[in-house]
Each structure stands twice: as structure tokens, then as C-alpha cells.
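So the sequence shown is numbered by our numbering: it starts at 28 and just counts up by one. Here's the structure we're looking at; comments come further down.
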Amino acid sequence: MGRWHDDGLCRTGPADWWLSDEPADTIRGIEVCQDCPVRRLCLASALVFGDQWTIYGGTTPPQRRALTRRLRRGDTLGTVLADTLNDTNAHTDETLRPSHARTDVGEVA
């Protein structure tokens, strides 16, 4: 995990908010992510490294699978992040599409 993780708001709440299968916990974790200063880095890391578990960057595993499909179809990481996080500045990161992004457990794009 990168040093950016030390600045994540997830470090301030119970792990169940990000790790639990309980909808109430998941909702709380996603809410905390909305204001996190490293949300973009967190989501980018999960997409690049193919994390299939827990909440990252305010997204669930099924949401990230859909985002990974977009990367596989050729969307850049910057575009996917911008669309997901409503971050217009992220569209400038067109070179961030990882050629080695995991697309599924055991698969590499």
C-alpha cells in the first residue's frame, strides 16, 4: 500500500465500514470516502491492482468491475476516475491508462 493510505479517512473509522457485507456498514464507509483527500488515489490503486474486495475510493467491488471493463475497452484511467468521481481535473491524466491493469482475478489486460 502506498504512503497515501496514511492520509485516508478510512483510518479514522471501524474497519467494518469497508470490510463488512452489511449494507449499513458499506453505506457508512462510502459516505466517509466522499470527503477523503486521497479518494482518487485509492480508487486508482484499486483499479490498477485489481482489488476485488472491500470499499476503495467510495466504490464497491461490483462498481469497480464495471470500471475495469471500461479500462479494458480502452478508456483511460484519468477518464474513468473523472467520470466516477465527478472530477473534471482528472480528464487531464490521459496517459494514466495502465497496460497491466488487472481485469479479473488472474487476468491481465
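In this text, a Cβ means the ideal position worked out from N, Cα and C, and glycines have one as well. For clarity, every value in this text was computed on a predicted model and none was experimentally measured.
Between the alpha carbons of V75 and W45 lies a gap of roughly 19 Å. Under DSSP, T86 forms a beta bridge with Y83.
Counting only the Cα atoms, R96 lies some 31 Å from G40. In the displayed model, E49 falls within coil according to three-state DSSP, outside both helix and strand. Taken atom to atom, the span from the alpha-carbon of P88 to that of C37 is near 17 Å. A Cβ-Cβ separation of about 12 Å leaves G56 out of contact with C69 under the 8 Å criterion. Per DSSP, reduced to three states, the secondary structure at C69 is helical. Here D52 has D43 and W44 as same chain residues with Cβ atoms under 6 Å from its own Cβ, once five neighbours each way along the sequence are excluded. Between the alpha carbons of G105 and E49 lies a distance of about 31 Å.
Taking all protein chains shown into account, G101 has fewer than 16 neighbouring C-beta atoms within 10 Å of its C-beta and is therefore exposed.
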